[in-house]
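Chemist: Residue numbers (the working numbering): 242 to 741.
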């Protein structure tokens, strides 16, 4: 008998899988007698115990049956043998999947661009010392964490540390009962859609906006209403007269436009939410990183009506593969969000939560933030200085002293020519990303989103020098033909070999 073992797992399991395949594809017909265990063991050079274990497993699952004094036989299964292997087709996806794929296609898949100088805005700074610190915290947590089932709401110790941190740094007063630990900010957006939205409910989004939040709400069937932003953030005077269900904002550092929602507009937005009985989702994705003084107080700190859902994430502050975030919830929504979280994944990994809680408790988290903030400030200054030195008046810089990116508007460039510049720069090893990837309607001017989180100060100076050279070459009539249409697509998290 020809049976090919796949080499994965114990021998008896491999033999069981091989015999199942032979039965299902008709090579071992119904009613056919199996070889005696000693014979098959000899043929396959396995122990008889292994073959006996495989036969017992097949018998327990109903693939074979034994006849006393006669041997083992393939049972008569109520299926036709497969004539040839084929992939199952998924022809009728749900409306959720159709909308998710549509949003994915309309706002194209981000791509990995391996270039020497990558100015992708979603690349956070990596603190080399954090690797050893986090390894020690994980090892400690593994020996001190209870192994019973987690709470869906999150480890109490971590929720307490989040409350203490937010009170000190963001001006938010909350109790651990108000906090829900999530698998990053993206799960927070998805949970918000599940809890608050029915199909055709209206969600107000900033324009430009954070595309992943937009897609999360669109996939749930929400009607997305875009409201423009300016130098003072969301233009509250253009909020819809008909009450939306949710308003999603990035008030501390608008993404990607870099503006800060002014105090007058914050108060106006809170009054609007109270008058319209709608909710506000505050995405505070990088509010900790400001370089001209203390971080701004969060919008939720002004919320007397308990209408603001606050979302934070540790991915930007620590490292992107740490899929832990948190929500501070209004009391009226706490139980609903915890129930939705339980149905989603029953809770985030307990050991990682315990490690992070201890890291915050012993001061390591804020020491890390101070180091990162100092380094980001240096990189921010290096980027601005390099732009002014090598690019000059060919761009107008939106110099926001916060976050990990700036916006540079190109003077004398239309959107088509900006795409040519992006494609040409990539051939020179420079990753540039146009603002058109982050907006629904092309802005009046062509612009670039320049991230500086992953490059050293030296690399940023070199990158800006190369940026200036690329502009010179474009002006001189150099290679301005995009090599692929994907030059105009939105990029993904890209690796950066220039990171020290």
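Backbone N, C-alpha and C fix where the C-beta goes; we use that ideal spot for every residue, glycine too. Nothing here was measured: the structure is a model prediction, and the numbers come from that model.
Starting from the N-terminal side, write out each stretch of the beta strand (DSSP E) that is 3 residues or longer and does not extend beyond the segment 391-463.
Modeler: 420-423 and 443-448
Chemist: Please state whether DSSP places residue 363 in a helix, a strand or coil.
Modeler: coil
Chemist: So, do the segment 640-648 and the segment 386-405 have three or more beta carbon pairs nearer to each other than 8 angstroms?
Modeler: no
Chemist: With the cut-off set at 8 angstroms, would you say residue 521 and residue 548 are in Cβ contact?
Modeler: Yes. Within cutoff.
Chemist: Can you list, in chain order, the stretches of the beta strand (DSSP E) that have 3 or more residues and sit fully within the segment 481-537?
Modeler: 487-490 and 520-524
Chemist: At 3 residues or longer, and completely inside the segment 263-320: list those beta strand (DSSP E) runs for me, N to C.
Modeler: DSSP runs (the beta strand (DSSP E)) wholly in the segment 263-320: 305-308 and 312-315.
Chemist: Please state the DSSP three-state secondary structure of residue 469.
Modeler: strand
Chemist: How about residue 651 and residue 674: are their beta carbons less than 8 angstroms apart?
Modeler: no
Chemist: Note down the Cα distance separating residue 426 from residue 553, rounded to an integer number of angstroms.
Modeler: 6 angstroms
Chemist: DSSP three-state label for residue 478, please.
Modeler: In this structure, residue 478 counts as helix in the three-state DSSP scheme.
Chemist: Indicate the three-state DSSP secondary structure (helix, strand or coil) for residue 356 in the structure shown.
Modeler: coil
Chemist: Rounded to whole angstroms, what's the CA-CA distance from residue 647 to residue 245? Just pull it up for me.
Modeler: 58 angstroms
Chemist: State the beta-bridge partners of residue 643 as determined by DSSP.
Modeler: 531
Chemist: For residue 627, name the three-state secondary structure that DSSP assigns.
Modeler: helix
Chemist: When you compare only the Cα positions, how much space is there between residue 273 and residue 314?
Modeler: Rounded to whole angstroms, residue 273 to residue 314 spans 5 angstroms at the Cα level.
Chemist: Can you grab the Cα-Cα spacing for the pair residue 310 / residue 276, in whole Å?
Modeler: The straight-line gap from Cα to Cα measures roughly 14 angstroms.
Chemist: Helix, strand or coil for residue 554, going by three-state DSSP, please let me know.
Modeler: strand
Chemist: Could you name the residues of the same chain whose beta carbon sits closer than 6 angstroms to that of residue 298, not counting the 5 residues immediately before and after it, in chain order?
Modeler: 257
Chemist: Roughly how many angstroms separate the alpha carbons of residue 729 and residue 669, rounded to a whole number?
Modeler: The predicted position of residue 729 is uncertain, since its pLDDT is 33 and thus under 50; a value taken from the coordinates is nonetheless stated next. If you take the alpha carbons of residue 729 and residue 669, they lie about 17 angstroms apart.
Chemist: Can you have a look at residue 584 and say buried or exposed, based on whether 16 or more other CB atoms are within 10 angstroms of its CB?
Modeler: exposed
Chemist: Assign residue 569 to one of three DSSP states: helix, strand, or coil.
Modeler: Reduced to three states, the DSSP call for residue 569 is strand.
Chemist: Along the chain, where does the alpha helix (DSSP H) that runs through residue 591 open and close?
Modeler: Its alpha helix (DSSP H) spans residues 591-602.
Chemist: Tell me which residue opens and which closes the beta strand (DSSP E) that residue 692 is part of.
Modeler: Taken as a continuous stretch (DSSP letters only), the beta strand (DSSP E) holding residue 692 covers 688-692.
Chemist: For the pair the segment 460-473 and the segment 429-441, tell me if three or more CB-CB distances fall below 8 angstroms.
Modeler: yes
Chemist: Between the C-alpha atoms of residue 513 and residue 477, what's the straight-line distance to the nearest angstrom?
Modeler: 8 angstroms
Chemist: What's the call for residue 249, buried or exposed, on a 16-neighbour Cβ count within 10 Å?
Modeler: exposed
Chemist: Would you say the segment 369-377 touches the segment 572-581, given that touching needs at least three Cβ pairs under 8 angstroms?
Modeler: no
Chemist: Looking at residue 423 and residue 447, is the spacing between their C-beta atoms short of 8 angstroms?
Modeler: no
Chemist: Determine the burial state of residue 378: buried for a count of at least 16 other Cβ atoms within 10 Å of its Cβ, exposed for fewer.
Modeler: Buried, by the Cβ-count rule.
Chemist: To which residues does DSSP link residue 675 through a beta bridge?
Modeler: 689
Chemist: Alpha carbon to alpha carbon, how far is residue 388 from residue 498? Give it in angstroms, no decimals.
Modeler: C-alpha separation (whole angstroms): 45 angstroms.
Chemist: Note the first and the last residue of the continuous alpha helix (DSSP H) segment covering residue 704.
Modeler: Element bounds for residue 704: 698-716.
Chemist: With distance defined between alpha-carbon atoms, name the residue in 316, 688, 632 and 695 nearest to residue 357.
Modeler: Measuring from the Cα of residue 357, the nearest candidate turns out to be 695.
Chemist: Taking the DSSP output, what are the residues bridged to residue 649?
Modeler: 638 and 689
Chemist: Considering only residues of the same chain and omitting the five flanking positions on each side of residue 503, which have a CB-CB separation below 8 angstroms?
Modeler: For residue 503, where only same-chain residues beyond five positions count, the Cβ hits under 8 angstroms are 473 and 474.
Chemist: For residue 699, tell me which candidate among 317, 626 and 667 has the shortest Cα-Cα distance.
Modeler: 626
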